[in-house]
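Here the structure comes first, spelled out in structure tokens, and everything after it is commentary.
Numbering (this note's numbering), first residue to last: 4 to 438.
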């Protein structure tokens, strides 16, 4: 809850989405404050990028920007410090900002020079990225689907901008810098706490799947680097010795329908979960014609293309009861009777196993791939089924508790982010008066 004073008198802004504003503030069109730029032919300038979270940054300053830079940068647009840069395809997410850097950006971006002496760039940066404005960008962006929405400059330039007196703009920007720094610090502490919980989970999993639960058990060398020593009574086996690994079927995507039997694609397999947001279905006849490609509840499935993402190996145990057929570039493990599928599942979560798995990935093609043969040749520790069951139950219990703790921290972070966004929105639109 934001408990700060309001201004003594208000007037209507003229826009329903902005509501009332302080009586002495002005409301003007964005075009009155700036002019469109299209300065090109600077291929040697540093490439900049626009992030929803940060605004304009140096592209090479982050390793999570996978947008390819063109070899020919002559058409890239020049940006000077103080210029406004807008990713018009993602304006509806708030992907814009006033640049602190000199450089060039994609020719698809909107670049503007701020010409008015009555606007403070740090205030404008906060204003144009706040929730109220993002809602307006949603309204004036167009496209067939959300991911392809486009905001035209002709619409953007008519957006109403709130202009307090310059001293107030400076005060608002300074206030928000101070307050958001404190919020970001609190978020950073909770992020570190989550990292420590994840680290503890990794230590517990690795110890359990390679040493078991008896601290006094005699150990022997497994002969496998990632495993290290294992209890004397355990074996080391290749995954292919524990069951049959079956590749998915190359279904014709032209036959996909709006209903029928669900087809499990690469996008549907995530780390420790399924994601059915990208749904495809096929005629039910294939479920009976191709029974070997059925995926059943409690089956362990792998993605074979882009098999590792930031969250880990793309593999999960199926919890769904409905009919599923496995598409190409995925695999399912059909285990033998003396294997608890959760045993392999928890091994997959071991960070040292992930490193071993990663070494088997072929990165020579357009996308990283792993074969079922490569998966099958990976060696894992293998105790008797009774011990697999006991250890798996222990890991499930302890990781569930850690997952709950992580979830609570994530909820706290989300509340802090919501408070931060609300504070910024209230300050820059005059709903609160800052000191």
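Even glycine gets a Cβ: it sits at the ideal position worked out from N, Cα and C.
By the neighbour-count criterion, in which 16 or more other beta carbons inside 10 Å mark a residue as buried, residue 312 falls on the exposed side. When C-beta atoms of the region 81-88 are compared with those of the region 97-112, three or more pairs fall below 8 Å, so the two segments count as touching. In the structure shown, the three-state DSSP call for residue 48 is coil. Of all C-beta pairs linking the region 327-343 to the region 293-301, three or more are shorter than 8 Å, placing the two stretches in contact. Under the 10 Å beta carbon count, residue 27 is surrounded by fewer than 16 other beta carbons and is classified as exposed. Annotation for residue 180: 125 place their beta carbon closer than 8 Å to its own, counting only its chain and skipping 5 residues before and after.
Between residue 30 and residue 163, the gap from beta carbon to beta carbon is short of 8 Å. Cβ neighbours of residue 379 within its own chain (closer than 7 Å, five residues either side excluded): 241, 242, 243, 248. Residue pairing by DSSP places residue 144 opposite 154 in a beta bridge. Looking at the backbone, the Cα of residue 306 and that of residue 254 are separated by about 16 Å.
Going by beta carbons, residue 334 and residue 375 fall inside the 8 Å limit. No Cβ-Cβ contact shorter than 8 Å links residue 8 with residue 433.
In the DSSP annotation of this structure, the continuous segment of the beta strand (DSSP E) that includes residue 25 starts and ends at 23-25. Taken through DSSP and simplified to helix, strand or coil, residue 294 comes out as helix. For residue 214, no beta strand (DSSP E) encloses it; the enclosing alpha helix (DSSP H) starts and ends at 169-214. A distance of 8 Å or more separates the beta carbons of residue 186 and residue 213.
Between the beta-carbon of residue 59 and that of residue 104 there is about 6 Å, and that keeps the pair under the 8 Å contact cut.
Of all alpha-carbon atoms in 368, 384, 183, 138, the one lying nearest the alpha-carbon of residue 19 is that of 138. Minimum Cα-Cα distance from residue 389 among the listed residues 343, 152, 11, 220 corresponds to 343. Per DSSP, reduced to three states, the secondary structure at residue 372 is strand. Residue range 388-431 is occupied by the alpha helix (DSSP H) that includes residue 391. CA-CA distance, residue 357 to residue 202, rounds to 14 Å. Exposed is the label assigned to residue 57, since fewer than 16 other Cβ atoms lie within 10 Å of its Cβ. With respect to residue 246, residue 339 sits close: the two C-beta atoms are nearer than 8 Å. Counting along the chain, residue 124 sits inside no beta strand (DSSP E); it lies in the alpha helix (DSSP H) bounded by residues 124-131. The three-state secondary structure of residue 363, taken from DSSP, is coil. Here the region 258-270 makes no contact with the region 405-413; the two share fewer than three CB pairs at distances below 8 Å.
In the three-state DSSP reduction, residue 79 falls in the coil class, being neither helix nor strand. Less than 8 Å divides the Cβ of residue 293 from the Cβ of residue 252.
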